[in-house]
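Right, one structure below, let's go through it.
Numbering (the numbering used here), first residue to last: 130 to 206.
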């Protein structure tokens, strides 16, 4: 069963918090290549907060069986 956008956003928020100490402020899905099994890539544009500072990023998340296994990023602006 495919994940909902909210489930995906929640996984992204938890991943960013636990791995990078970032708080997800905003997340827009640009290219969703996830299949029904939760495998594939998702390209996003995100705003994250660390401390009092916000920054904008393009982040590509790789999912396997509905879990994030990798992320690449490019700072915007």
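Idealized CB from N, CA, C, for every residue including glycine. None of these values were measured; they are calculated from a predicted model.
Secondary structure of residue i, DSSP reduced to three states
{"i": "residue 138", "result": "helix"}
{"i": "residue 182", "result": "strand"}
{"i": "residue 159", "result": "strand"}
Distance between residue j and residue i (C-alpha atoms, nearest Å)
{"i": "residue 169", "j": "residue 181", "result": "33 Å"}
{"i": "residue 146", "j": "residue 153", "result": "8 Å"}
{"i": "residue 107", "j": "residue 133", "result": "This structure leaves residue 107 out entirely; the chain is present only between 130 and 206."}
{"i": "residue 194", "j": "residue 183", "result": "31 Å"}
{"i": "residue 202", "j": "residue 187", "result": "6 Å"}
{"i": "residue 137", "j": "residue 196", "result": "9 Å"}
{"i": "residue 141", "j": "residue 179", "result": "15 Å"}
{"i": "residue 198", "j": "residue 150", "result": "17 Å"}
{"i": "residue 206", "j": "residue 155", "result": "16 Å"}
Chain B within 9 Å of residue i, Cβ atoms only
{"i": "residue 199", "result": "You won't find chain B in this structure, because it holds only one protein chain."}
First and last residue of the uninterrupted beta strand (DSSP E) at residue i
{"i": "residue 199", "result": "196-204"}
Cβ distance (whole Å) where residue i is taken to contact residue j below 8 Å
{"i": "residue 163", "j": "residue 172", "result": "Actually they do not touch by this definition, with Cβ atoms about 11 Å apart."}
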